[in-house]
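Residue numbers (full-length UniProt numbering), protein chains in the order written: chain C, 1 to 361; chain W, 1 to 361.
Protein chains: 2
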Amino acid sequence: MELGDRGYPIVIGSGLLDDADTIKTFVRNKLAYQQVCVVTNETIAPIYMEQLRSSLTGLQVETCILPDGEKYKNLDTLNQIFTCLLQTKFNRKACLVALGGGVVGDMTGFAAACYQRGIDFIQIPTTLLSQVDSSVGGKTGVNHVLGKNMIGAFKQPKSVVIDIDVLSTLPAAEFAAGMAEVIKYGLIWDQDFFTWLEQNAGALKALEPRALTFAIQKSCEIKAGIVAEDETEQGLRAILNLGHTFGHAIETHAGYGVWLHGQAVAVGMRMAIRMSNWLNESLGEELEARLVRLLEVFELPVYPPDGMNRDDFLTHMAVDKKNLNADIRLVLLDKLGQARVTSEYPMSTLNRLIDSFIGQS
Amino acid sequence: MELGDRGYPIVIGSGLLDDADTIKTFVRNKLAYQQVCVVTNETIAPIYMEQLRSSLTGLQVETCILPDGEKYKNLDTLNQIFTCLLQTKFNRKACLVALGGGVVGDMTGFAAACYQRGIDFIQIPTTLLSQVDSSVGGKTGVNHVLGKNMIGAFKQPKSVVIDIDVLSTLPAAEFAAGMAEVIKYGLIWDQDFFTWLEQNAGALKALEPRALTFAIQKSCEIKAGIVAEDETEQGLRAILNLGHTFGHAIETHAGYGVWLHGQAVAVGMRMAIRMSNWLNESLGEELEARLVRLLEVFELPVYPPDGMNRDDFLTHMAVDKKNLNADIRLVLLDKLGQARVTSEYPMSTLNRLIDSFIGQS
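Below you can see the structure in the form of structure tokens.
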């Protein structure tokens with residue numbers, strides 16, 4: 001990934017966690033860390049920790065095992081990482097390794113950004129969502145009771161190691177949630193990739209390795225390209241948030257962890273596509289229907305939760321980070337594969353859009 | 001201060017808090033913030049908050065009042081700042097203003113570094129220590145129960161406004177603690193300034209404005225010059241920690257907040273000077289005596305606390321951030337006005353040094 005002197009390699013393949021050479025290339029030899037702290041959670045540790053540890057022989061390896069779940073993505077859990085590091089007297093030359101999904105990756109990256117004002121870290125994402133989204137781009141952080149991802153830092157990992165084999169132990173709903181983000185890249189950036197996804201949805205759902213590797217690689221490339229042009233989210237990068245403003249509102253309304261992030265984004269993307277078509281009829285109604293068919297292959301939701309009303313949406317959308325002042329900025333499509341961020345739309349259209357989704361599920 | 005595009009102005013003078021033009025130049029006009037959150041504490045708020053607020057008319061000004069004291073410099077108190085910002089729906093274009101001493105400045109800067117992954121902040125330091133030390137250089141953070149300043153970020157303020165009038169309400173012990181850092185700048189960087197301090201100690205103790213302004217300006221210049229050469233503390237900047245490794249051990253042993261930082265540094269500098277002389281006799285014994293006389297003018301301590309033993313020192317020194325691996329790196333003087341960082345000394349000399357200070361107070 002190209003970010004000047006903060007660029008880093010992403011390696012994608014099968015059997016990488018068992019491949020001590022690859023692990024050592026990234027953790028041991030190339031970067032010469034002597035102290036490594038693997039941060040993971042109670043679900044992942046029993047499955048993959050020993051495998052990773054066996055690839056790190058010869059280093060001082062400590063493990064910090066966090067509770068599993070978005071509801072633990074907060075400053076208190078972050079502090080557990082600092083406690084692990086301080087108890088073992090890890091210094092500024094230490095390296096953190098995030099072994100887990102987005103929650104582990106976001107917290108580990110933020111801990112690396114803050115521990116002694118900054119140490120290195122490596123991402124080994126174990127969910128499809130984190131492989132194609134949070135492990136690339138350098139956004140790290142924790143939630144606050146008043147808002148998601150409100151506390152954090154931009155911190156790039158030194159490398160990302162993506163082993164597609166880990167997807168075999170991932171619950172189907174979490175795999176689907178990751179696919180929502182994969183589909184997003186097609187929508188905002190690459191219409192050919194969107195078409196490829198329509199044609200290969202079955203192979204992906206069956207975890208066919210070649211299809212998976214291509215989809216993950218393409219997703220990482222698209223995200224990395226966008227991030228490289230706009231590392232600290234001044235402009236372009238905001239298009240990555242297609243469906244996220246609506247999605248965050250759904251997640252917040254439901255309570256952290258009740259809806260998976262990708263599930264909420266799936267609904268949010270559908271809402272954004274309908275809004276895009278209302279504001280720009282050349283987009284066509286067919287795209288929403290194509291998106292719904294694709295989401296349904298992966299059994300992703302296409303309606304917001306029962307009982308969520310217009311005020312619920314608007315209240316939770318107003319603290320979204322993409323806002324400048326009171327406007328609610330949305331990512332909309334001009335056409336398939338091309339997105340833009342705007343707050344230039346009639347509030348009445350937004351209200352009508354939300355209403356069109358209420359009571360439909 | 002020169003740090004490429006992260007450089008910022010430092011203005012020093014009398015009556016600045018009452019000077020709406022200056023305040024507005026720095027907060028309102030030049031940087032065009034619309035939302036300002038002044039972070040201060042229970043001690044400072046009643047004395048200076050209304051004065052500052054009257055200079056900020058026309059902006060959305062919120063106040064976040066923290067408990068006063070080093071013991072509150074932790075993640076829980078930091079979270080109070082985030083809660084203030086989220087309750088008032090402050091966005092990424094908001095600006096934090098730190099009105100207070102080093103604790104307020106460090107926490108406000110760290111909050112600014114983390115809130116929505118980074119917003120701007122301005123320092124208005126109200127203690128001599130923070131005016132000459134923490135408000136310049138961009139180190140921000142909080143303590144962990146297992147170590148001081150272990151969690152933080154490098155974050156430069158957009159400007160620093162130093163009103164020397166606030167020193168009239170500062171307790172004498174805190175003024176003295178600030179002088180310890182001023183004296184440090186002479187020791188590590190500028191022998192003429194050290195001599196000037198010896199000659200003007202009485203005027204400084206009497207809060208004579210011209211002497212104060214010169215001493216603060218000189219201190220900020222020296223610190224800014226060193227920081228500009230080494231913003232993220234890879235090398236040179238470590239000389240600013242003269243006396244701090246010993247000092248941190250004293251502070252940690254006594255419990256946060258029992259000894260003032262500058263008081264501990266005063267003792268630590270004396271220890272570092274004696275060690276320097278033992279390792280390099282050309283420095284001469286006279287410098288330690290001159291330092292002790294100068295510290296005593298300001299009624300600063302010159303011995304560690306009763307009952308602190310060698311193990312207490314070594315245990316607490318081992319988690320100091322300046323350490324690489326197990327070595328304890330120390331800042332030592334080659335001569336007055338010239339310092340270096342080293343871990344190349346006999347452990348027996350360090351043990352003997354600590355022993356020479358035990359049971360002396």
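Note that the Cβ used here is the ideal one computed from N, Cα and C, for glycine as well.
At 8 Å on the CB atoms, spell out the chain W contacts of residue i, in chain order.
i: K223 of chain C; result: Neighbours of K223 of chain C on chain W: none; closest Cβ ~17 Å, over 8 Å.
i: M107 of chain C; result: Here the premise fails: no neighbours, minimum Cβ distance about 13 Å.
i: A113 of chain C; result: A153
Can you have a look at residue i and say buried or exposed, based on whether 16 or more other CB atoms are within 10 angstroms of its CB?
i: R352 of chain C; result: exposed
i: G4 of chain C; result: Since pLDDT at G4 of chain C reaches only 48, below the 50 mark, its modelled position is unreliable, and the value read off the structure follows with that caveat. Classification of G4 of chain C: exposed, given that the 10 Å Cβ count is below 16.
i: residue 362 of chain W; result: The structure shown does not extend to residue 362 of chain W, since chain W is modelled only from 1 through 361, so no value can be given for it.
i: M347 of chain W; result: exposed
i: R237 of chain C; result: buried
i: S168 of chain W; result: exposed
i: E181 of chain W; result: buried
i: Q263 of chain C; result: buried
i: S356 of chain W; result: exposed
i: P125 of chain C; result: buried
i: P209 of chain C; result: exposed
i: V145 of chain W; result: exposed
i: S343 of chain C; result: exposed
i: A172 of chain W; result: exposed
i: P9 of chain W; result: exposed
i: D306 of chain C; result: exposed
i: N143 of chain C; result: buried
i: S134 of chain C; result: buried
i: D163 of chain C; result: buried
i: residue 440 of chain C; result: The structure shown has nothing for residue 440 of chain C, since chain C only spans 1 to 361.
i: N41 of chain C; result: buried
i: G137 of chain W; result: buried
i: R293 of chain C; result: exposed
i: D190 of chain W; result: buried
i: residue 366 of chain C; result: A question about residue 366 of chain C goes unanswered here, because the residues of chain C that appear run from 1 up to 361.
i: A215 of chain W; result: buried
i: A211 of chain W; result: buried
i: T108 of chain W; result: buried
i: S159 of chain W; result: buried
i: D312 of chain W; result: buried
i: G76 of chain C; result: Checking the sequence, you will find Asp at residue 76 of chain C rather than Gly. The residue is exposed, with fewer than 16 neighbouring Cβ atoms inside 10 Å.
i: P46 of chain C; result: exposed
i: T349 of chain W; result: exposed
i: T88 of chain W; result: exposed
i: residue 363 of chain C; result: Given that chain C is displayed from residue 1 to residue 361, the structure contains no residue 363 of chain C and the question cannot be resolved.
Starting from residue i, follow the beta strand (DSSP E) in both directions and report where the run begins and ends.
i: R237 of chain W; result: Segment: none, R237 of chain W is in no beta strand (DSSP E) and carries neither H nor E.
i: L283 of chain C; result: Taken as a continuous stretch (DSSP letters only), L283 of chain C belongs to no beta strand (DSSP E), as it is neither H nor E.
i: K335 of chain W; result: 330-335
i: V38 of chain C; result: 35-41
i: A206 of chain W; result: No beta strand (DSSP E) contains A206 of chain W, which DSSP labels as neither H nor E.
i: G13 of chain C; result: 10-13
i: A339 of chain W; result: 338-342
i: S159 of chain W; result: 159-163
For residue i, go through chain C and note every residue whose CB falls closer than 7 Å to its CB, in chain order.
i: A176 of chain W; result: Near A176 of chain W there are no residues of chain C at all, since even the closest Cβ is about 28 Å away, more than 7 Å.
For residue i, which residues in chain C fall below 9 Å Cβ to Cβ?
i: T83 of chain W; result: H144, V145, L146
What does residue i reach in chain C if we use C-beta pairs closer than 8 Å?
i: L86 of chain W; result: H144, L146, G147, M150, V319
Starting from residue i, find everything on chain W with Cβ-Cβ shorter than 9 Å and list it in chain order.
i: L75 of chain C; result: L75, D76, L78, N79, F82
i: F154 of chain C; result: R117, G118
Run down chain W in chain order and give the residues with a C-beta less than 7 Å from the C-beta of residue i.
i: G141 of chain C; result: R117
At what residues does the alpha helix (DSSP H) containing residue i begin and finish?
i: V182 of chain C; result: 172-189
i: T349 of chain C; result: 347-357
i: D21 of chain W; result: 20-23
i: G247 of chain W; result: 244-254
i: T83 of chain C; result: 75-87
i: D327 of chain C; result: Note, D327 of chain C: premise wrong, no alpha helix (DSSP H); not H, not E.
i: T315 of chain C; result: 310-317
Item to complete: List in chain order: all unbroken beta strand (DSSP E) runs of 3+ residues lying wholly within the stretch 97-155 of chain C.
Response: 120-125, 139-144, 147-154
Fill in: In chain order, each alpha helix (DSSP H) run of at least 4 residues that lies wholly inside the stretch 46-71 of chain W
none
Worksheet item: For the stretch 9-40 of chain W, which residues have a CB atom closer than 7 Å to at least one CB atom of chain C, in sequence order?
Response: none
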